[in-house]
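Numbering (our numbering), first residue to last: 1 to 407. From the three backbone atoms N, C-alpha and C, an ideal C-beta is built for every residue, glycine too. Source: prediction; values computed, not measured. To start, the structure itself, in structure tokens.
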Amino acid sequence: MSRLADRRLRLVLALSLAAFAIVVIRAAQLQVVDAAALSRKAISQQRGVEVIPGLRGSILSANGQVLAQTQWSKTIVSDPEKLRNPVKEALVIARALGYHQFRVVKHRGKHRKHRKLKPNPAWPAKVQAIADQLRGGGYALRQLSPDTVDRIMARHLPGISAVNELVRWYPFHDLASQVLGYTSIDGTAGADEGAGLEHEYNRDLSGRPGSQVFVHDPTGQTVLKTVRLRRPVPGRDMTLTLDTQVQAKVQAVLTQTVRASHAAWATGIVLDPRTGAVLSMATAPGYDNDGVHSLKNFAATHNNALETTYEPGSTFKVVTFSAALSAGLIWPNETFANLPYKLRFGDKWIRDDAPRGPITLKAYQILQKSSNIGTDTIAQIVGKPLLMHWIRAYGFGRYTGLGWPGE
Numbered sequence: 001m002s003r004l005a006d007r008r009l010r011l012v013l014a015l016s017l018a019a020f021a022i023v024v025i026r027a028a029q030l031q032v033v034d035a036a037a038l039s040r041k042a043i044s045q046q047r048g049v050e051v052i053p054g055l056r057g058s059i060l061s062a063n064g065q066v067l068a069q070t071q072w073s074k075t076i077v078s079d080p081e082k083l084r085n086p087v088k089e090a091l092v093i094a095r096a097l098g099y100h101q102f103r104v105v106k107h108r109g110k111h112r113k114h115r116k117l118k119p120n121p122a123w124p125a126k127v128q129a130i131a132d133q134l135r136g137g138g139y140a141l142r143q144l145s146p147d148t149v150d151r152i153m154a155r156h157l158p159g160i161s162a163v164n165e166l167v168r169w170y171p172f173h174d175l176a177s178q179v180l181g182y183t184s185i186d187g188t189a190g191a192d193e194g195a196g197l198e199h200e201y202n203r204d205l206s207g208r209p210g211s212q213v214f215v216h217d218p219t220g221q222t223v224l225k226t227v228r229l230r231r232p233v234p235g236r237d238m239t240l241t242l243d244t245q246v247q248a249k250v251q252a253v254l255t256q257t258v259r260a261s262h263a264a265w266a267t268g269i270v271l272d273p274r275t276g277a278v279l280s281m282a283t284a285p286g287y288d289n290d291g292v293h294s295l296k297n298f299a300a301t302h303n304n305a306l307e308t309t310y311e312p313g314s315t316f317k318v319v320t321f322s323a324a325l326s327a328g329l330i331w332p333n334e335t336f337a338n339l340p341y342k343l344r345f346g347d348k349w350i351r352d353d354a355p356r357g358p359i360t361l362k363a364y365q366i367l368q369k370s371s372n373i374g375t376d377t378i379a380q381i382v383g384k385p386l387l388m389h390w391i392r393a394y395g396f397g398r399y400t401g402l403g404w405p406g407e
């Protein structure tokens with residue numbers, strides 16, 4: 001028995017020494033070999049660097065109204081693994097967004113008006129769309145107003161959280177939208193599609209980001225200290241020559257023109273004749289810059305006033321008359337007799353707008369009535385060299401000097 005007990009004692013002693021040796025070796029490894037790596041890992045778990053974006057500069061009209069501005073918004077973030085019932089959570093979010101299951105319908109009876117509640121046909125599709133976004137995870141609903149997100153977060157929905165995010169805000173929505181262009185969805189950089197001032201002057205408008213270090217407690221839940229490393233620098237503001245009242249009026253006229261004539265599009269520019277400043281530049285149909293990232297067709301984002309080539313039409317008559325009057329080849333009251341309805345130039349016929357017999361017009365009447373035949377008659381008097389000189393003098397074939405992309 002003594003020999004067996006002695007063997008057991010030696011075995012226990014050997015195992016104890018081996019265990020102690022392992023502990024010593026592991027301690028040495030942690031304190032010497034892995035010390036630097038573990039220290040860096042501990043610091044990374046309790047300390048992080050956060051980028052502070054520099055706010056993008058604003059774009060202002062000539063009368064000081066804000067046309068484009070960057071502000072903070074909130075975005076709903078979804079964790080699919082923690083969602084309990086995406087459809088029920090989508091119902092809550094849809095109501096917070098202002099959608100309702102029923103809508104009020106006014107019904108006129110024999111003696112008075114009645115209000116009835118009817119199911120909203122768009123409600124099921126909207127709830128399903130939100131539920132699908134939640135199941136997809138990540139940024140589910142972006143750039144909502146802080147009040148809306150606060151209402152959603154007050155319900156403590158499982159798997160739903162919120163983060164702050166920058167958004168580019170266009171207070172006038174569709175006013176001068178093609179002129180302004182738009183930014184990436186996070187509001188930081190001018191988008192290439194549609195170009196515009198946001199793209200062309202992106203370097204000036206963009207701010208420089210800053211950074212700060214935050215230190216957590218060991219649990220990672222509480223921020224103990226925040227140290228700013230670099231202060232963010234906001235971008236430069238830009239003031240345009242556009243007048244918001246003139247711009248709104250021109251857009252209304254163009255929209256009505258497109259609707260009445262069933263045209264594909266229409267464009268117009270208003271200049272200050274004293275300075276050449278652009279008071280308005282518009283293209284119809286337009287679009288709402290605040291909803292640009294949900295567009296399916298981006299054709300409406302292009303500024304046809306500068307990016308599209310088309311015949312100038314009767315506005316070109318001004319060039320012909322400038323050449324003739326400046327050279328003294330005609331005078332305003334000069335009479336042009338027996339002007340025909342049409343003239344042949346090579347294999348082409350030039351006509352006035354409506355069939356007629358020969359007529360006699362004074363020079364100013366030719367411009368007043370926009371007569372193609374009268375203008376072409378004067379163009380033959382001017383001759384090609386002088387007419388080409390005035391075409392170039394008016395700037396045809398040259399850049400406008402507005403600093404516009406893609407013109």
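| field | Where the beta strand (DSSP E) through Gln256 begins and ends | value | Where Gln256 is concerned, there is no enclosing beta strand (DSSP E), although the alpha helix (DSSP H) around it starts and stops at 244-261.
| message | Which residues does DSSP list as the beta-bridge partners of Thr335? | response | Lys362.
| said: Considering just the uninterrupted stretch of the alpha helix (DSSP H) at Val127, what are its terminal residues? | reply: Run containing Val127: 123-136, per the alpha helix (DSSP H) assignment.
| message | Using the three-state DSSP reduction, which class does Gln69 fall into: helix, strand or coil? | response | Residue state for Gln69 is assigned as strand, using DSSP reduced to three classes.
| Bridge partners of Val270, per DSSP? | As a beta-bridge residue in DSSP terms, Val270 pairs with Ser280.
| said: Looking only at its chain, what residues have a beta carbon closer than 6 Å to the beta carbon of Ala282, apart from the 5 residues adjacent to it on each side? | reply: Residues of the same chain with a CB within less than 6 Å of the CB of Ala282, apart from the 5 flanking positions on each side, are Val250, Gln251, Leu254, Gly268 in chain order.
| query | Based on the DSSP secondary-structure assignment, which residues constitute the bridge partners of Arg344? | reply | Paired residues: Trp349.
| task | Starting from Tyr139, follow its DSSP beta bridges and name the residues at the other end. | result | In the DSSP output, where bridge partners are listed per residue, Tyr139 has Val77.
| said: Using CA atoms only, rank isn't needed, just tell me which of Lys74, Gln212, Asp132 is closest to Gly54. | reply: Ranked by Cα distance from Gly54, the options Lys74, Gln212, Asp132 are led by Gln212.
| task | Would you grab the beta carbon distance between Arg84 and Thr70 for me? Rounded to a whole angstrom, and I think it's under 8 Å. | result | Arg84 to Thr70, Cβ: 36 Å. No contact.
| task | Flag this pair as touching only if the segment 360-371 and the segment 312-332 have three or more C-beta atom pairs under 8 Å; answer yes or no. | result | Cβ pair count under 8 Å is three or more, so yes.
| Separation of Arg208 from Pro234, as counted between CA atoms | The alpha-carbon atoms of Pro234 and Arg208 are separated by roughly 6 Å.
| task | Note down the Cα distance separating Leu240 from Pro232, rounded to an integer number of angstroms. | result | One C-alpha to the other measures close to 25 Å.
| said: Here's the rule I'm using: 16 or more other beta-carbon atoms within 10 Å means buried, otherwise exposed. How should Ser294 be labelled? | reply: So Ser294 counts as exposed.
| query | What is the DSSP secondary structure of Ser206, reduced to helix, strand or coil? | reply | Assignment of Ser206 by DSSP, reduced to helix, strand and coil, places it in the coil class.
| query | For Thr239, which three-state DSSP category applies? | reply | It is a strand residue.
| said: Can you give me the C-alpha to C-alpha distance between Phe321 and Ile378, rounded to a whole angstrom? | reply: Answer to the nearest angstrom: the Cα atoms are 8 Å apart.
| query | Beta-carbon separation of Phe102 and Lys118 under 8 Å? | reply | Contact flag set, yes.
| Closest Cα partner of Thr183 within the set Ile59, Ala260, Ala266, Tyr99 | Thr183 has its Cα closest to that of Ile59, out of Ile59, Ala260, Ala266, Tyr99.
| message | Please report the straight-line C-alpha distance between Thr188 and Leu166, rounded to a whole angstrom. | response | Cα to Cα, Thr188 sits roughly 8 Å from Leu166.
| query | Can you tell me the Cα-Cα spacing of Val23 and Leu9, whole angstroms? | reply | Going by the C-alpha atoms only, they are around 21 Å apart.
| CB contact flag (Ile373, Leu343, <8 Å) | Contact flag set, yes.
| In its own chain, which residues sit with a C-beta less than 8 Å from the C-beta of Arg356, not counting the 5 before and 5 after it? | Closer than 8 Å at Cβ, skipping near neighbours: Tyr341.
| query | What residues match up with Leu166 in a beta bridge as DSSP calls it? | reply | Leu166 pairs with Trp72.
| Where do the ends of the alpha helix (DSSP H) carrying Pro385 lie? | First-last of the alpha helix (DSSP H) with Pro385: 384-393.
| task | Pick out whichever of Phe396, Ser206, Leu11 has its Cα sitting closest to the Cα of Ala68. | result | Closest by C-alpha distance to Ala68, out of Phe396, Ser206, Leu11, is Ser206.
| said: What does the alpha-carbon distance come out to for the pair Ala420 and Lys126? | reply: No information on residue 420 is available, as it lies outside the stretch 1 to 407 that the chain covers here.
| said: Please state whether the Cβ-Cβ distance between Val418 and Leu157 is less than 8 Å. | reply: This structure cannot settle anything about residue 418, because the visible part of the chain is limited to 1 through 407.
| query | What number of angstroms, rounded off, separates the C-alpha of Glu307 from the C-alpha of Trp349? | reply | Glu307 and Trp349 have their C-alpha atoms roughly 30 Å apart.
| What did DSSP end up calling Lys369 once you bin it into helix, strand or coil? | Correct three-state label for Lys369: coil.
| Which partner residues of Ile59 appear in the DSSP bridge assignment? | BP columns for Ile59 point to Ala68, Met238.
| message | In the DSSP assignment, the alpha helix (DSSP H) including Asn303 goes from what residue to what residue? | response | Taken as a continuous stretch (DSSP letters only), Asn303 belongs to no alpha helix (DSSP H), as it is neither H nor E.
| Sorted by chain position, which residues of the same chain lie with C-beta nearer than 7 Å to His120's C-beta, five sequence neighbours on each side aside? | Per the sequence shown, residue 120 should be read as Asn rather than His. The beta carbon of Asn120 lies closer than 7 Å to those of His100, Gln101, Phe102, Arg103 in the same chain, with the five residues before and after it left out.
| query | Using DSSP with H/G/I as helix, E/B as strand and the rest coil, what is Gly190? | reply | DSSP, reduced to helix, strand and coil, places Gly190 within a strand of the structure shown.
| message | Quick check on Val66 - is its C-beta less than 8 Å from some C-beta in chain E? | response | Considering every chain present, this structure includes no chain E. It has just one protein chain.
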